[in-house]
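Worksheet: one structure, shown below.
Residue numbers (the numbering used here), protein chains in the order written: chain A, 1 to 380; chain B, 1001 to 1137.
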């Protein structure tokens, strides 16, 4: 396999953009990417666009506006991992040598659905019974607190940390710190989770340029190496399951560590899928950056702070940035790119050289998540 | 508590529910090839793809693995409503709980049929659970 590089990143700020459909948001991010990298449309060998609710031929509707038409172009749907899955397919094309330059993006407009919990489009028995994503994470939280002696205060610490990180991120949906009191006083959603334990439904888009080493040399932008790009699906069964151990994250991360020859102790920062505050605890343990049942102590000790042992979601995570479903995995890679190129401004993790991004999701019965993607990026 | 009679009820998962007096049991699939158990039942095992499967029936009681009170959710379920994952005869099923608060993990529960929501056509029902009177049997 050939080495794969990220040589450009662009994000349309996340937030409420009810007047900007997914294709428009995606276009703005891709246009920004092209302006930054100076890539000509005919240099783009193939394109992948991730979105869950953006509709048919979304990738064409975005890329044709910047002159990328005629080339092979694909719209990728993998729930919360849609955008990261688009990046993965681009990684495959570069690594295999079938492409030298790929645009991968993710975009979503959730304002179209109004407020409340996200619509789960895959009708199954649990959804027919009233399952919603916050309820699934609430039950994981109840069990985690029960099994490991953590408290709701430990969930709140995750929200407070990530909102503090996001306060300095101009691309984040929420750019304001919250206090523990704010979290505890926020509206109850699904016990024990309150509103500020949950990420907001947001609109936004993000795009990256993936390329070969030779192609990167001719670009004006800095490049980072994509050491691993791994996607896994959930293991389907309907028997007993330990809901405090997201095995899909463990399997995906382990495969990525194996490909990269990098372990959890080497990571300077992780952009983690904290759709709900408890998710940071569950996934941090499955990623191997905290021992089993100990992640809540790591958060309390400041291990996951920007200047801690390993910065977890220094961009603010989903709790601050928001979660335009298909865009999340790509924006994590953009944030990691800026960290490794030293362009993260106030978000900068000092001396960041190794970054991991993790996105997982999809609420269907019989699996802990439908799809998970892990990327590992390094400065060299 | 008795299972309410619901004339012309629409029962979610009704083809897999057996009423047993006030209690209920569920049809599940057991795979003879790999031993996996499945709910809802299926013709082909989703672990090993074997068709050497058998339909069997769960007990009428199980243990709550985890539970929550859903306070923001689809209007048809009339939030707040309580959900739980229940371990019963080697399968885990999501069920509504006849309770006002979330069940602590490990709570023994009994299965029955009852209303879980209502839409423009009236109430609909399914299997649901309640804490077993007198604790585990």
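Glycine is no exception: its CB is placed at the ideal position from the N, C-alpha and C atoms.
This structure is a prediction, so every number in the text was calculated from the model and none was measured.
Please classify residue 1121 of chain B: is it buried, with 16 or more other beta-carbons within 10 angstroms of its beta-carbon, or exposed?
Its Cβ having fewer than 16 others within 10 Å, residue 1121 of chain B is exposed.
May I have the straight-line CA-CA distance separating residue 357 of chain A from residue 1021 of chain B, to the nearest angstrom?
Taking the straight line joining both Cα atoms gives about 53 Å.
Please report the residue range of the alpha helix (DSSP H) in which residue 133 of chain A lies.
Residue 133 of chain A -> alpha helix (DSSP H) spans 133-148.
Ends of the beta strand (DSSP E) at residue 162 of chain A?
Note, residue 162 of chain A: premise wrong, no beta strand (DSSP E); alpha helix (DSSP H) at 152-166.
Below-7 Å beta-carbon distance, residue 330 of chain A vs any chain B residue
So, not an interface residue.
Chain B contacts made by the region 179-196 of chain A, where a contact means CB separation under 7 Å:
Residues passing the 7 Å Cβ filter: 188, 189, 190 and 191.
The beta strand (DSSP E) with residue 1081 of chain B in it runs from where to where?
Under the DSSP assignment, residue 1081 of chain B falls in the beta strand (DSSP E) whose first and last residues are 1081-1088.
How would you list, in chain order, the residues of chain A whose beta-carbon sits under 8 Å from the beta-carbon of residue 1096 of chain B?
Residues of chain A whose Cβ lies closer than 8 Å to the Cβ of residue 1096 of chain B are, in chain order, 129 and 130.
Out of A/320, A/101, A/124 and A/118, state which residue places its alpha-carbon closest to the alpha-carbon of residue 13 of chain A.
The candidate whose alpha carbon is nearest that of residue 13 of chain A is A/320.
Do three or more CB pairs link the region 1077-1089 of chain B to the region 1100-1112 of chain B at distances below 8 Å?
Yes: at least three Cβ pairs fall under 8 Å.
For the region 1026-1052 of chain B, list every residue whose C-beta sits within 7 Å of some C-beta in chain A, in sequence order.
Those residues of the region 1026-1052 of chain B that come within reach of chain A (Cβ to Cβ, closer than 7 Å) are 1036, 1037, 1038, 1039, 1040, 1046 and 1047.
Return the CA-CA distance between residue 324 of chain A and residue 1019 of chain B, expressed in angstroms with no decimal places.
Those two C-alpha atoms are separated by around 44 Å.
Considering only the alpha carbon of each residue, which of A/276, A/292, A/291 and A/326 lies closest to residue 316 of chain A?
It is A/276.
Express the C-alpha separation of residue 1023 of chain B and residue 393 of chain A in angstroms, rounding to a whole number.
One cannot answer for residue 393 of chain A here, as it falls past the ends of chain A, which runs 1 to 380.
By DSSP, does residue 1094 of chain B sit in helix, in strand, or in coil?
Looking at residue 1094 of chain B - three-state DSSP - the assignment turns out to be strand.
Measure the C-alpha to C-alpha separation of residue 1003 of chain B and residue 1114 of chain B and round it to an integer number of angstroms.
Caution applies to residue 1003 of chain B, whose pLDDT of 44 falls short of 50 and renders its modelled position unreliable; the value that the coordinates give is listed next. The straight-line gap separating the alpha-carbon atoms of residue 1003 of chain B and residue 1114 of chain B is approximately 6 Å.
Which partner residues of residue 1055 of chain B appear in the DSSP bridge assignment?
Looking at the DSSP assignment, residue 1055 of chain B forms a beta bridge with B/1029.
Taking just the CA atoms, how far does residue 326 of chain A sit from residue 84 of chain A?
Going from the Cα of residue 84 of chain A to the Cα of residue 326 of chain A covers about 8 Å.
For residue 78 of chain A, collect the residues of the same chain with a Cβ closer than 6 Å to its Cβ; drop the 5 residues on either side in sequence, then sort them by chain order.
The beta carbon of residue 78 of chain A sits closer than 6 Å to the beta carbons of 85 and 371 from its chain, once the five residues preceding and following it are set aside; these are given in chain order.
Is residue 1010 of chain B helix, strand or coil when you go by DSSP?
In the three-state reduction of the DSSP assignment, residue 1010 of chain B falls in the strand class, which pools E and B.
Nearest neighbour of residue 271 of chain A, chosen from A/263, A/304 and A/300 [CA to CA]:
Measuring from the Cα of residue 271 of chain A, the nearest candidate turns out to be A/304.
Is DSSP giving residue 76 of chain A helix, strand or coil here?
Here residue 76 of chain A sits in strand by DSSP.
Can you check whether the CB of residue 26 of chain A is closer than 7 Å to the CB of residue 107 of chain A?
Yes. Within cutoff.
Under 8 Å, CB to CB, which of the residues in the region 1103-1129 of chain B have a partner in chain A?
Residues 1104, 1105, 1116, 1117 and 1126.
Note down the Cα distance separating residue 91 of chain A from residue 344 of chain A, rounded to an integer number of angstroms.
Cα-Cα distance, rounded: 23 Å.
Please report whether the beta-carbon of residue 1012 of chain B lies at a distance below 7 Å from any beta-carbon of chain A.
It does: the Cβ of residue 1012 of chain B has a partner Cβ on chain A nearer than 7 Å.
Segment limits, beta strand (DSSP E) that includes residue 203 of chain A:
That run of the beta strand (DSSP E) goes 203-211.
Helix, strand or coil for residue 338 of chain A per DSSP?
Residue 338 of chain A falls in the helix class under three-state DSSP.
What would DSSP say about residue 61 of chain A, mapped onto helix, strand or coil?
In this structure, residue 61 of chain A counts as helix in the three-state DSSP scheme.
Any heavy atom of the ligand NAD closer than 6 Å to the beta-carbon of residue 1125 of chain B?
Because no ligand of any kind appears in the structure shown, any question about the ligand NAD cannot be addressed here.
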